Structure formats: C-alpha cells, structure tokens
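Here the structure comes first, spelled out in structure tokens, and everything after it is commentary.
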Amino acid sequence: TMFSLFGDRAPSSPPNPAKLQLRPNECQVLSLPDGCTLGFATYGSTDPSHPIIFLFHGLPGCRLVGRSWDKLCRDIGARLITIDRPGCGDSTLADRRLIDWPSDVVSLADYLNLIDSVLGASGGGPYALACARFIPKERLRATTVVCGIGPIEALVDFAPYLPWHARDITLWLLRQGA
39 TMFSLFGDRA PSSPPNPAKL QLRPNECQVL SLPDGCTLGF ATYGSTDPSH PIIFLFHGLP
99 GCRLVGRSWD KLCRDIGARL ITIDRPGCGD STLADRRLID WPSDVVSLAD YLNLIDSVLG
159 ASGGGPYALA CARFIPKERL RATTVVCGIG PIEALVDFAP YLPWHARDIT LWLLRQGA
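Under our numbering, think of the first position of the sequence shown as 39, with each following residue one higher.
In structure tokens, the structure reads:
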C-alpha cells in the first residue's frame, strides 16, 4: 500500500517548513549570451583554495540536489556548484543539443571565475561527458560519471512504460540528440 514504508499509518507530522524554504545560495541565475537563463546553486566550502565540483543532476532533478551534499562538502573542503539543465528548475527550456551544454558550463565558470571538475549523476552523465569532450583540459581537470544513463536511443523502447512526467522529459531528451 501507499503507506507500506510507514507500516499501517501515514507520517505523524508534516515536513519542517524551514527545510522547504529556498536559501539565497540556491536561487542564483546567470543570463547567457543568447538570452537564456541558467539556474544554479552553491554549496559546501567558500574557501577559494578548495577544489570546485560542478554537479549535473539526474533525470528528473534540479540544482537543489546539492542541498544533501552541503555538509559533506563543507567537512571535506570542497565547493559544489549544482546547475539546472535546460528546462529544469530556473534554466530556460531551449532548443539545444547536448553538445551545446559545455559552452553554458564555461559561461558559468567564467562568471564565477572558477572550474575544476565536473560530476554527472545518472541523467547528468552525458552532460559531464560532453564537457570532457569539449572543454579544454587546461580548464577542466577531472570528469566523473556516477551511474550514468545508457545510450539515449535505448530509451525509445522503454519510454512508453515510464510515468507521464518521466516519459515527457525522456522524449524531450531524445529530441535533443547529441
């Protein structure tokens, strides 16, 4: 049943509203040269000497996934920049392809005056790989993919079985091509 995680009852209290409030570091937007917006959030260390990681969220997702990494990043001395991909969160839904993503990342890196490494989780994996391919190694030191999504073409047969929200974004992603 719906409440199987909680036994035979619903949770005893609603979530803490303070935990649902967006913080200033989570509501940042960059205007790109083509007029689109790129939403991003910053988490972890603010020490400029600490390593910087640009995190590309899974599918579906948004920049707020970094919230759960904030304390860990502060503890280990890393700065985490999470970015909304096109059509997610505060980023404009634009007719862009996967190979256009690295220039958006470079625009944000130039704006923040930093870049060190990128990490793509699940649906963010192809975006990290595009950065590895198109951002010069002098600018991008490392690329990591965690549980990266497989070939996009393989989703065509699977899309009809997805929930409506995942199906729509998956079909949109398929139209983006590489």
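Every residue gets a Cβ at the ideal spot worked out from N, C-alpha and C, and that includes glycine.
Predicted model only: the values in this text are computed from it and were never measured.
{"Check": "Local conformation of residue 221 per DSSP, three classes", "Outcome": "The structure shown does not extend to residue 221, since the chain is modelled only from 39 to 216, so the question has no answer here."}
{"Check": "Nearest-angstrom Cα separation, counted from residue 185 out to residue 78", "Outcome": "22 Å"}
{"Check": "Beta-carbon separation (whole angstroms), residue 63 vs residue 80, contact threshold 8 Å", "Outcome": "5 Å"}
{"Check": "Sub-8 Å separation of residue 93 and residue 167 beta-carbons", "Outcome": "no"}
{"Check": "For residue 263, the nearest candidate out of 165, 160 and 155 (CA to CA)", "Outcome": "Residue 263 cannot be examined here, being either before or after the span of the chain that is shown, 39 to 216."}
{"Check": "N-terminal and C-terminal residue of the beta strand (DSSP E) that residue 184 is part of", "Outcome": "180-184"}
{"Check": "Nonlocal neighbours in the same chain, by C-beta distance under 8 Å from residue 140, ignoring five residues either side", "Outcome": "168, 169, 171, 172 and 173"}
{"Check": "4-residue-minimum alpha helix (DSSP H) runs that sit fully inside the region 97-137, ordered along the chain", "Outcome": "108-114"}
{"Check": "Cβ neighbours of residue 104 in the same chain (closer than 7 Å, five flanking residues each side left out)", "Outcome": "79, 81, 93, 118 and 120"}
{"Check": "Chain-order list of residues whose beta-carbon lies under 8 Å from that of residue 177 (same chain, five-residue window excluded)", "Outcome": "144, 147 and 153"}
{"Check": "Where residue 54 sits in the DSSP three-state scheme", "Outcome": "coil"}
{"Check": "Burial state of residue 67 (16 or more Cβ within 10 Å)", "Outcome": "exposed"}
{"Check": "Inter-residue Cα distance where the pair is residue 133 and residue 111", "Outcome": "33 Å"}
{"Check": "Identified DSSP bridge partners for residue 73", "Outcome": "According to DSSP, which records beta bridges pairwise, residue 73 is partnered with nothing at all."}
{"Check": "Cut-off 6 Å between Cβ atoms - residues of its own chain near residue 161, not counting five sequence neighbours on either side", "Outcome": "96, 97 and 187"}
{"Check": "Cα-Cα separation between residue 151 and residue 159, rounded to whole angstroms", "Outcome": "24 Å"}
{"Check": "Cβ shell of residue 90 (< 6 Å), same chain only, five flanking positions each side left out", "Outcome": "117, 152 and 154"}
{"Check": "Close Cβ partners of residue 128 (< 7 Å) along its chain, the five nearest in sequence each way excluded", "Outcome": "67, 75, 77 and 122"}
{"Check": "Buried/exposed call for residue 181, threshold 16 Cβ in 10 Å", "Outcome": "buried"}
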